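*Asks:* The working numbering puts the first residue of the sequence shown at 365, with every later residue one more than the last.
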Amino acid sequence: MEVSEVERRLKTSLKTGLTEKEAQRRLRRCGDNKLESKDRRSLLASFLLQFKDFMVLVLLGATVISYLLGETLDAIAIIIIVILNAVLGFTQEYRAERSLEALKTLSPPGATIIRGGKFLQLPAAALVPGDLVLLETGNRVPADVRLVETLNLEVDEAALTGESVPVEKRASWIGEADCPLGDRCNMAFMGTTVTKGRGRGLVVATGMQTEIGQIAGMIQGTEEDLTPLQKRLKGLGRWLIVLCLVIVAAVVGTGIVRGYSIYQMFMIGVTLAVAAIPEGLPAVVTIALAVGVQRMSRRRAIIRRLPAVETLGCTTVICSDKTGTLTQNQMTVTRLWLAHGTLTITGGGYRPEGEISLQGHPVSPKEDRVLQLSLEVCLLCNNSHLQPRGGTWEVIGDPTEGALLSLAMKGGLDRAQLEKEQPVLAEIPFDSYRKLMTVIVGDHSRRALTKGALEMVLPRCSRILTNQGLRPLTPGERERILRANDHLTGQGLRVLALAYRDVEPGTSPRQVEEKMVFLGLVGMIDPPRPEVKEALQVASGAGIRTVMITGDHYRTAAAVGKELGLLAGEGEILTGAELDRLTDGKLSQLVERTTVYARVTPQHKLRIVRALKARGHVVAMTGDGINDAPAVKEADIGIAMGKTGTDVTKEASAMVLVDDNYATIVAAVEEGREIYENIRKFIRYLLSCNVGEVLTMFGATLLGLPLPLIPMQILWMNLVTDGLPAIALGVDPGDQDIMRRPPRPTKEGIFAQGLHLKILVRGVLFALCALLVFSLSLNWRGGDLDKARTIAFSTLVMAQLFYVFQCRSERYSVFELGLLSNPQLALAVLCSTAMQLAAVHVGKLQPIFRTVSLDLNDWLLVLLFSSWSVVLEGMLRSMRRRTLKRLIPVKG
């Protein structure tokens, strides 16, 4: 179908696109432009799956036996608690699932379109048939698009057709009605990738109506990758199940030998197994990861893959781009060197308001031919757009090109008029290897306009343009240009060279960029972000080295590196040319002291990442262009730019920076460390409590004591202590000095730093306290078994609730942290305490839990035995820290 016919049928415009009103009407009619997800399990099915656990089924079977034996009250109570536990488990899993679903919406794919004559960047889901879409190198095609304009456009369709070679696209009519999918060269399909060139097209199908939507079943049903920690914990869970069952079997066997009834010990064994096996571990870990990731998103870092959360805490080197990450990416042209002098340009940002002057006198392009041609190159050799928004001007496209557009507009050039007089006929696009871009413009007479790195442009030039005319580019002239470049780069300016050539009929594409005429040098300032210096210091204090990687000139990179403090001390600088001469072995040595890399290509980035990894570093690497994708993927943590990054780079990354800001990387590292520490806290708490419960029962049977807990009390304890407090602990704020510690070794297990011993010791202490207070109550406080059990029961519950505050930190005491510094935890403990008081003192609950009311002296005994170890350890921690501060003064 011809382009004009497509335009007519879609009732749209090739110039201005749809109106916003019409687009919204079509969106309501067609729905969001996204593939339907697989059917989710119903809430009822998810709830019923909570009863699928083998030990829960055994417990339910035992409950039936209790009922048949006449223990009706026990049977009903056990069923109620099992249901409450199922509700808690269901809530945890539902929250984890919803959190993971929310992560998928944090970084939606985007699209650049024209609506109502305005350039807009929207989520791809908002596209409708008839929208006018712009496609550029690195873009993921957001819908099925009928191309109406192409320029060297090639698309990788491997995801759809399996074709391994990118397909050349054009806008012309094919003519065949039933053309095979792979031969539709005037179509770009949803999910494919632009590998070269650019184009425009009209959306003809969205969502499930696209070609890939019609085969969506083939790409559904993929599961989320488990993180390394989740995989280890899954294995740990299986090991703990076996261990718990062995210990429970020992408890049951010992009890039977000691004379307890088989039925009684069977019920104890089953309930103890249900309570001791940490079935909530996977859900709470997932919640901790997902909630932490959502906290990162609020700090402008979007995690695309959960395993990156763990790796962030191990980061030892951050390889960061300069432009836009360490700097503000608010490019402003301040200098323009021409053959007859250096011009000064006023005005800041992208706002096209300012003055061009030479030695204080305003200069007009109408009176300066070299200036006029230079501004034409800036305007026409340019794929970006400037537009006002909210009192400021923003760039749609590359920030460098935005600065060049602003310069041309300050000189009074009108883009629409100039493009009408000199339409762009062809383009040789910029890439990171060529480091230059050329367009051919004109109607009757044609001209090539080029911009790029000086070392790439100058060798292609044979003449220079002055206001007196053309003259040969002699060695002396070349030296003068190089000195001017050194002067500009020495001021920290980013420099581009401008050139042109008249294209005679019969000139081959290879000859277009030869024997060119040199015009001048554009110097742009891009000041460092104000928050970056502090972020660099924080990273250094955390044992993380920052490396700046840029395609800019050596002198520009050196000036910025010095300003940021990256070249202080032993820091060195390497250029891409020097990298090419280095062997991998030599580079492996130099990466340890090199902090700035200049004039590098994406291939150099890949070598740098591999060299750092070979030295044992955990590397975070930023990237934006399509050619950065291999290095981003190779890094331990690939980081894509949210504003300037291509879709391909984002797909390869583990994390996306919404604001393209280096400080956001450091904030994400801090969050990553906190998340990992919170998981350690939760595991420490949960397993210590479970070990304490099991050892209490095991110790009682070994010592020949009456059983200190009955099945109902064990199940209740599991509900009260393993529920809300554990979840609140999983989202605890981190220690204040977490970014003053060295990175965690990647091979360090979750039980490192003696965590397994802390769990075992605390479990033993729980058991000793419970057994001691039980014996005291049984032998010295009247010999009432129900009262002794109530005291032991309450002591274990309260000991675990006190202990949860101690688990918040392995360095600071509860007194230093403050009880209310985690309000969720304080509220959770308060609720659990209220539930325990109800189980002890509410008359209707006492027969269920076999409890009796306790007086003030009893509660003082409970509080003494449940809190002493936490208070003592807290005091010892505080004393130790004060002593260390006196011996070794700590800054900050």
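C-beta: ideal position from N, C-alpha, C; glycine also. Please read these numbers as outputs of a predicted model, since none were measured by experiment.
For the beta strand (DSSP E) holding His981, just list the boundary residues, first then last.
*Replies:* First-last for His981: undefined, no H or E at that position.
*Asks:* Check whether the Cβ atoms of Arg798 and Met820 sit closer than 8 Å, and answer yes or no.
*Replies:* Yes, the pair counts as a contact, with Cβ atoms nearer than the cut-off.
*Asks:* Return the chain-ordered ranges of every beta strand (DSSP E) run that is complete within the region 986-1050 and spans a minimum of 3 residues.
*Replies:* The region 986-1050 contains these whole beta strand (DSSP E) runs: 1001-1005 and 1019-1021.
*Asks:* Near Val734, what residues of its chain come up, given a Cβ to Cβ distance below 8 Å and the 5 sequence neighbours on each side ignored?
*Replies:* Cβ neighbours of Val734 beyond the five flanking positions: Leu702, Ala703, His704, Leu829, Thr830, Asn831, Leu883 and Gly884.
*Asks:* Whole-angstrom Cβ separation of Ala652 and Phe1046, contact assumed at under 8 Å?
*Replies:* Yes, Ala652 and Phe1046 are in contact; Cβ-Cβ is about 7 Å, under 8 Å.
*Asks:* Is DSSP giving Cys825 helix, strand or coil here?
*Replies:* Cys825 falls in the strand class under three-state DSSP.
*Asks:* In this structure, what does DSSP give as the bridge partners for Asp487?
*Replies:* Asp is not the amino acid found at residue 487; the sequence shown has Pro there. Gly474.
*Asks:* Closer than 6 Å by C-beta to Cys825: which residues in its own chain qualify, once you throw out the five before and the five after it? Chain order, please.
*Replies:* Excluding sequence neighbours, Cys825 sits near Leu837, Ala863, Met880 and Phe882.
*Asks:* Buried or exposed, going by whether 16 or more other CB atoms sit within 10 Å of the CB of His968?
*Replies:* It is buried - the Cβ of His968 has at least 16 other Cβ atoms within 10 Å.
*Asks:* From Ala450, Val911 and Asp1011, pick the residue whose C-alpha is nearest to that of Thr958; which is it?
*Replies:* Comparing Cα positions, the closest option is Val911.
*Asks:* Rounded to whole angstroms, what's the CA-CA distance from Ile576 to Ala569? Just pull it up for me.
*Replies:* Each residue's alpha carbon lies about 10 Å from the other.
*Asks:* Buried or exposed: which applies to Glu384, given that a residue is buried once 16 or more other Cβ atoms fall within 10 Å of its Cβ?
*Replies:* Classification for Glu384: exposed.
*Asks:* Taking the DSSP output, what are the residues bridged to Ala863?
*Replies:* Ala863 pairs with Thr814 and Phe882.
*Asks:* Look at the alpha carbon of Gln584 and the alpha carbon of Val1055, and state the distance between them as a whole number of angstroms.
*Replies:* Residue placement at Gln584 cannot be trusted, given a pLDDT of 44 that sits under 50; what the coordinates show is reported in the next sentence. Approximately 42 Å between the Cα atoms of the pair.
*Asks:* Check this for me: beta carbons of Asn397 and Ala507, under 8 Å apart or not?
*Replies:* Cβ atoms of Asn397 and Ala507: closer than 8 Å.
*Asks:* Do Leu1135 and Pro1072 have their C-beta atoms within less than 8 Å of each other?
*Replies:* Contact flag set, yes.
*Asks:* Just to confirm, is the Cβ distance from Met985 to Ala672 under 8 Å?
*Replies:* No. Outside cutoff.
*Asks:* Assign Glu765 to buried or exposed, taking buried as 16 or more other Cβ atoms, counted over all protein chains shown, within 10 Å of its Cβ.
*Replies:* Buried: at least 16 other Cβ atoms inside 10 Å.
*Asks:* Under a Cβ-count criterion, where at least 16 other Cβ atoms within 10 Å of its own Cβ denotes burial, should Ile444 be classed as buried or exposed?
*Replies:* Ile444 should be labelled exposed.
*Asks:* Short check: CB of Ile632 to CB of Val606, under 8 Å?
*Replies:* No, they are not a contact pair.
*Asks:* Run the CB neighbour count on Gly555, radius 10 Å, all protein chains shown included, and call it buried at 16 or more, exposed below.
*Replies:* The residue in question, Gly555, is buried, as its Cβ has 16 or more Cβ neighbours within 10 Å.
*Asks:* What residue range does the beta strand (DSSP E) around Cys683 cover?
*Replies:* Per DSSP, Cys683 belongs to the beta strand (DSSP E) from Val681 to Asp685.
*Asks:* Mind checking Val621: buried by the 16 CB within 10 Å criterion, or exposed?
*Replies:* Under this definition Val621 is an exposed residue.
*Asks:* With DSSP collapsed to three states, give me the class of Ile1102.
*Replies:* Note: Ile1102 maps to helix in three-state DSSP.
*Asks:* What separation, rounded to the nearest whole angstrom, lies between the Cα atoms of Arg534 and Val492?
*Replies:* Cα to Cα, the separation comes out at about 22 Å.
*Asks:* For Lys926 and Lys897, I'd like the C-alpha separation in whole angstroms.
*Replies:* Cα to Cα, Lys926 sits roughly 11 Å from Lys897.
*Asks:* What are the residues that DSSP puts in a beta bridge with Ala962?
*Replies:* Ala962 is bridged to Thr939.
*Asks:* So, Ala1131 versus Ser1230, is the Cβ gap smaller than 8 Å?
*Replies:* Their beta carbons are not under 8 Å apart, which means Ala1131 does not touch Ser1230 by this criterion.
*Asks:* Just mark Arg602 as buried or exposed, buried being the case when its beta carbon has 16 or more other beta carbons within 10 Å.
*Replies:* The residue is exposed, with fewer than 16 neighbouring Cβ atoms inside 10 Å.
*Asks:* The alpha helix (DSSP H) that contains Glu518, what's its start and end?
*Replies:* Looking at the DSSP string, Glu518 is not in any alpha helix (DSSP H); the run it does join, the beta strand (DSSP E), is Asp508 to Asp520.
*Asks:* Could you pull the start and end residues of the alpha helix (DSSP H) that Pro716 belongs to?
*Replies:* It is not in any alpha helix (DSSP H) - Pro716 carries neither H nor E in the DSSP assignment.
*Asks:* Which residues share a DSSP beta bridge with His1205?
*Replies:* Bridge partners of His1205: none, in fact.
*Asks:* Relative to the C-alpha of Leu1189, which candidate in Pro869, Thr947 and Asn1042 has its C-alpha closest?
*Replies:* Comparing Cα positions, the closest option is Asn1042.
*Asks:* Mind pulling the alpha helix (DSSP H) runs of 4 or more residues that sit fully within the region 1166-1196?
*Replies:* Fully enclosed alpha helix (DSSP H) runs of 4 or longer: 1178-1181.
*Asks:* Helix, strand or coil, according to DSSP, for Lys560 in the structure here?
*Replies:* Lys560: strand per DSSP, three-state reduction.
*Asks:* What did DSSP end up calling Glu765 once you bin it into helix, strand or coil?
*Replies:* The answer is helix: DSSP assigns Glu765 an H, G or I state.
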